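Following my numbering, the numbering of the sequence shown begins with 1 at its first residue and continues without gaps. For reference, the structure is listed below as structure tokens.
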Amino acid sequence: GNASGSISPSVREFRKGDRSLKAFVKGTRILVAEDNLMVAMDVAFQLELLGAEVIGPFARVDEAMTALTSNTPHGAILDVNLLDGHVTPLAEQLLKGNVPVIFCTGVSLPAELSSRYPDAKVFVKPTCLQTSVRRCPEEG
């Protein structure tokens, strides 16, 4: 039987998305920090469909920081506000290690982050993942 009817439109759109995207993400480790469980699971699921290894998802900054001590991601998708506060310390740690970071937020990027990282990629939910993963190759 054809099970594709049960796949959400975003996933289907992803699957027929361009192949170079898959090649870019495949085999990479992407850290995901997102406190909304549904969004976190969706982001992780779609990254895994593309062949990425997901570190997380983490709902708290401190959990993600701890994970960084034993994992070096190739990229990160971060919600700006996590359960234990602003994602700034995590973002700084990643950027210090030259890890490309994409911020996802329901609002705009806090002034503190946008002034420090004027080039940061920011996407407003809910379109975050489709857009952000497609933009990743620009980091090339």
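Each residue gets a CB set at the ideal place from its N, CA and C atoms; glycine is no exception. Remember, it's a predicted structure, so these values are computed and weren't measured experimentally.
Relative to the Cα of Arg116, the nearest Cα in the group Ile30, Lys96, Leu37 belongs to Lys96.
Glu63 has its alpha-carbon roughly 14 Å from the corresponding atom of Leu94. Taking the C-beta atoms as reference points, Val43 is found nearer than 9 Å to Glu34. In the structure shown, the three-state DSSP call for Leu37 is helix. Put simply, the backbone Cα of Glu92 is about 12 Å away from that of Ala76. Between the alpha carbons of Val61 and Phe103 lies a gap of roughly 14 Å.
Judged by their CB atoms, Phe58 and Leu31 are nearer to each other than the 9 Å cut-off. Between the C-alpha atoms of His86 and Leu47 there is a straight-line separation of about 24 Å. Pro89 counts as exposed, since fewer than 16 other beta carbons sit within 10 angstroms of its beta carbon.
Boundaries of the beta strand (DSSP E) harbouring Ala76: 75–79, taken from the DSSP string. Note on geometry: alpha-carbon atoms of Val101 and Thr66 lie some 17 Å from one another. Beta-bridge analysis with DSSP links Glu112 to no other residue. By the neighbour-count criterion, in which a residue is buried when 16 or more other Cβ atoms sit within 10 angstroms of its Cβ, Gly106 is exposed. Val101: member of the beta strand (DSSP E) spanning 101–105, first to last residue.
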